[in-house]
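Chemist: Can you keep this structure in mind? I'll have questions shortly.
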Amino acid sequence: MTEANADYAYLQQLLKLKTKLMKCVEILSDHELAAGHRAFEFMRDFYHMAQRAAERNVPGADSVVDELSPLFDQVNGIAPGVPVTA
Numbered sequence: 010m011t012e013a014n015a016d017y018a019y020l021q022q023l024l025k026l027k028t029k030l031m032k033c034v035e036i037l038s039d040h041e042l043a044a045g046h047r048a049f050e051f052m053r054d055f056y057h058m059a060q061r062a063a064e065r066n067v068p069g070a071d072s073v074v075d076e077l078s079p080l081f082d083q084v085n086g087i088a089p090g091v092p093v094t095a
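One point on numbering: in the working numbering, the residue at position 42 of the sequence shown is 51, and numbering is uninterrupted.
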């Protein structure tokens, strides 16, 4: 009976720890999504600025647009270079 009580107490401790860890994982995931969104917005704005510069024949702007266009000229597709799994 002593071992059973000890196992049960240990189980309760693990469940409490698991709950706290899951909360940390959720917070981490939220931060990851937010950082990714902000990075995407920055790069999208940078790309649009390069497009406007290319329209005005700013030297080098067309190179930036050419490099970034595969990342932004898609409509709900898979990003280039991303491995496709079956």
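Note that CB positions come from ideal geometry on N, CA and C, so glycine has one too.
Report the three-state DSSP secondary structure of residue 69 (helix, strand or coil).
Modeler: Numbered from 1 along the sequence shown, position 60 holds the residue referred to as residue 69. Coil, per DSSP.
Chemist: For residue 59, count the other beta carbons within 10 Å of its own beta carbon; 16 or more makes it buried, fewer makes it exposed. Which is it?
Modeler: Counting from one through the sequence shown, the residue named residue 59 turns up at place 50. That one is buried.
Chemist: Go to residue 16, then tell me how far its alpha helix (DSSP H) extends in each direction, as first and last residue.
Modeler: As a position in the sequence shown, residue 16 is number 7, starting the count at 1. Looking at the DSSP string, the run of the alpha helix (DSSP H) that includes residue 16 is 11-64.
Chemist: Using the Cβ count rule (16 or more neighbours within 10 Å means buried), how would you classify residue 67?
Modeler: Here residue 67 is taken as the residue at index 58 of the sequence shown, counted from 1. The residue is exposed, with fewer than 16 neighbouring Cβ atoms inside 10 Å.
Chemist: Relative to the C-alpha of residue 56, which candidate in 37, 79 and 43 has its C-alpha closest?
Modeler: Residue 56 sits at position 47 when you count from the first residue of the sequence shown. Per the Cα distances, 79.
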